[in-house]
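J.: Each residue of the sequence shown is one higher than the one before, starting from 157 at the first, in my numbering. The structure under discussion is supplied below as structure tokens; questions concerning it will follow.
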Amino acid sequence: TSLLHAGIVPEPVYGGQLQDMAIPGSAPEGKVRIDYRSLPMHFADGTQVDLRQPTLQISQLGYGPLHPDTQLSARIAPPMIGLGLLEAIPTASILANADPDDANGDGISGRANQVWDDALGKTVLGRFGWKAGQPTLNQQNAHAFAGDMGLTTNLLPRDDCTATQTSCRQAVNGGQPEVSDDILALVLFYSRNLGVPARRQVDDLHVRQGKQLFNQAGCSSCHTPSFTTRTDAAEPELANQLIRPYSDLLLHDMGDGLADNRAEFLASGREWRTAPLWGVGLTETVNGHSQLLHDGRARNLLEAILWHGGEAEAARQQVLAFDAEQRAALLAFLHSL
157 TSLLHAGIVP EPVYGGQLQD MAIPGSAPEG KVRIDYRSLP MHFADGTQVD LRQPTLQISQ
217 LGYGPLHPDT QLSARIAPPM IGLGLLEAIP TASILANADP DDANGDGISG RANQVWDDAL
277 GKTVLGRFGW KAGQPTLNQQ NAHAFAGDMG LTTNLLPRDD CTATQTSCRQ AVNGGQPEVS
337 DDILALVLFY SRNLGVPARR QVDDLHVRQG KQLFNQAGCS SCHTPSFTTR TDAAEPELAN
397 QLIRPYSDLL LHDMGDGLAD NRAEFLASGR EWRTAPLWGV GLTETVNGHS QLLHDGRARN
457 LLEAILWHGG EAEAARQQVL AFDAEQRAAL LAFLHSL
């Protein structure tokens, strides 16, 4: 059941997520360190970009050794914008872009993740998270309360303390549940309605040239530009909206370079959900850094593009053939989103 309901088998002592901090009286689960080695990449015109290849190291384990079959994957938090609109895309519209057997022979075979819905008690389409492992915002929020903060909700009445973590088990809790339905509903309202920033410089010649190159390279095969949201969306202001998330919300094999070898429900260790690109140009403005991809290895958009492999290999090869002016135009378009 844990695989059916969680999509992964939790580590028996440490659970599904390693905590590197703890409340007084409990030991942190461990310390995480990421080391990088340089991976040079060359454009056709000779320009070199040094990518960062991460290696994950866990030390100072607080509760004994990890299970020998433990699979580790570093993750950064995905952007919170426009999530209510993504939730309001009709399931049929997402599935219409799926091509699991690459029937049209274009090398792109988007697959839908099918995940457990805690509220409905059945398997449904996954659309949130790096591998589309969560079906709804409310469930994603409840799992974040439990996994990130150790707080229970009526949807998820247990936290991530395992049976062997006795100090965690015995620590004072905040009642049952710790997060009231009211608070959970307010967090849901916030996460559903956090707006997408308006695009900038849409009429700039460079930006328009970049959009053409984006499509020419085949990026829009997975970064689907637009959808129309459902008529019966959770709230009226989310309904019947033409949105431009630049994602198909489907899983794609991104090759060995990005593989974390950690499956989640139907997503393999090489598959990732297409990241929505709306707002990506404001990453640095909002976050104070421009680290991208699931583990933040890419320090800018160009590095993120160059990590694309697998189904995106042909698109990457097209970008590697771009000259300096074309690269600048492509980045100008992405920064306008």
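From the three backbone atoms N, C-alpha and C, an ideal C-beta is built for every residue, glycine too.
In whole angstroms, what separates the C-alpha of Ser-424 from that of Ala-254?
T.: Going by the C-alpha atoms only, they are around 16 angstroms apart.
J.: Using DSSP bridges, identify the partner residues of Gly-218.
T.: Answer by DSSP bridge pairing, in chain order: Gly-220.
J.: Using a Cβ-Cβ cutoff of less than 6 angstroms, which residues in the same chain neighbour Asp-191 once the five nearest sequence positions on both sides are dropped?
T.: Correct list, in chain order: Thr-211.
J.: From which residue to which residue does the beta strand (DSSP E) around Asp-191 run?
T.: 187-198 is the extent of the beta strand (DSSP E) around Asp-191.
J.: Hey, Asp-119 and Leu-312 are a contact pair by Cβ (cut 8 angstroms); roughly how many whole angstroms apart?
T.: Residue 119 falls outside the range modelled here, since the chain spans only 157 to 493, and no answer is possible.
J.: Between the beta-carbon of Val-502 and the beta-carbon of Ile-232, is there less than 7 angstroms?
T.: Lying outside 157 to 493, the shown extent of the chain, residue 502 is not represented and no answer is given.
J.: First and last residue of the alpha helix (DSSP H) that includes Val-475?
T.: Element bounds for Val-475: 469-476.
J.: With DSSP as the reference, label Leu-281 as helix, strand or coil.
T.: Note: Leu-281 maps to strand in three-state DSSP.
J.: Taking all protein chains shown into account, do 16 or more other C-beta atoms lie within 10 angstroms of the C-beta of Asp-257, making it buried, or fewer, making it exposed?
T.: Flag for Asp-257 reads exposed.
J.: For Phe-345, which of helix, strand or coil comes out of DSSP?
T.: DSSP places Phe-345 in helix when its eight states are reduced to three.
J.: I'd like to check one pair, Asp-404 with Thr-502: are the Cβ atoms closer than 7 angstroms?
T.: Nothing about residue 502 can be read from this structure; the chain reaches only from 157 to 493.
J.: Write down the C-beta distance between Leu-394 and Leu-241 rounded to the nearest angstrom, noting that I regard them as a contact closer than 8 angstroms.
T.: The Cβ separation is near 6 angstroms, so the contact holds.
J.: Skipping 5 residues on each side, what residues in its chain have a beta carbon closer than 7 angstroms to that of Gln-213?
T.: So the qualifying residues of the chain are Arg-189, Asp-191.
J.: Whose C-beta lies closer than 6 angstroms to the C-beta of Ala-419 among residues of the same chain, with five residues either side of it excluded?
T.: Here the set comprises Gly-425.
J.: Can the beta-carbon of Ile-264 be found less than 7 angstroms from the beta-carbon of Glu-459?
T.: Not closer than 7 angstroms, so no.
J.: Kindly indicate the opening and closing residues of the alpha helix (DSSP H) around Asp-304.
T.: Start and end: 293-305.
J.: Pairs of beta-carbons, one from the region 175-187 and one from the region 313-333, closer than 8 angstroms: are there three or more?
T.: Touching, yes.
J.: Determine the contact status of Ala-471 and Cys-375, defining contact as a CB-CB distance below 7 angstroms.
T.: Going by C-beta atoms, Ala-471 is nearer than 7 angstroms to Cys-375.
J.: Going straight from the alpha carbon of Leu-344 to that of Thr-292, what length do you get?
T.: Computed Cα separation, rounded: 10 angstroms.
J.: Please report the distance separating the alpha-carbon of Gly-452 from that of Trp-272.
T.: Between Gly-452 and Trp-272, the C-alpha separation is close to 27 angstroms.
J.: With distances taken Cα to Cα, identify the nearest neighbour of Ser-215 among Leu-174, Thr-308, Ala-244, Arg-429.
T.: Closest by alpha carbon: Leu-174.
J.: For Leu-394, which of helix, strand or coil comes out of DSSP?
T.: Note: Leu-394 maps to helix in three-state DSSP.
J.: Mapping the DSSP letters down to three states, classify His-408 as helix, strand or coil.
T.: Strand.
J.: Rounded to whole angstroms, what's the CA-CA distance from Leu-222 to Asn-269? Just pull it up for me.
T.: Leu-222 and Asn-269: Cα-Cα distance of roughly 28 angstroms.
J.: Please report the straight-line C-alpha distance between Gln-357 and Ala-162, rounded to a whole angstrom.
T.: In a straight line, the C-alpha of Gln-357 is about 43 angstroms away from that of Ala-162.
J.: Report the start-end ranges of each alpha helix (DSSP H) in the region 310-343 that is 4 residues or longer and not cut off at the edges.
T.: For the region 310-343, whole alpha helix (DSSP H) runs of length 4 or above, ordered along the chain, are 322-326.
J.: Are there three or more Cβ pairs, one per stretch, closer than 8 angstroms when the region 312-321 is compared with the region 194-207?
T.: No contact exists between the region 312-321 and the region 194-207.
J.: Which residue marks the beginning of the alpha helix (DSSP H) containing Arg-483, and which one marks its end?
T.: 480-492 is the extent of the alpha helix (DSSP H) around Arg-483.
J.: Using CA coordinates, which residue listed in Val-169, Thr-203, Pro-168, Gly-171 is at the minimum distance from Asp-479?
T.: Checking every option, the nearest Cα to that of Asp-479 belongs to Thr-203.
J.: Name the residue from Leu-342, Phe-421, Ala-373 whose alpha carbon lies nearest to the alpha carbon of Ile-461.
T.: Nearest C-alpha to Ile-461: Ala-373.
J.: Closest to His-491 by CA distance: which of Arg-429, Ala-354, Leu-449 is it?
T.: Of the candidates Arg-429, Ala-354, Leu-449, the one whose C-alpha sits nearest the C-alpha of His-491 is Ala-354.
J.: Cβ of Gly-366 less than 7 angstroms from any chain B Cβ?
T.: Any reference to chain B falls outside this structure, which holds one protein chain only.
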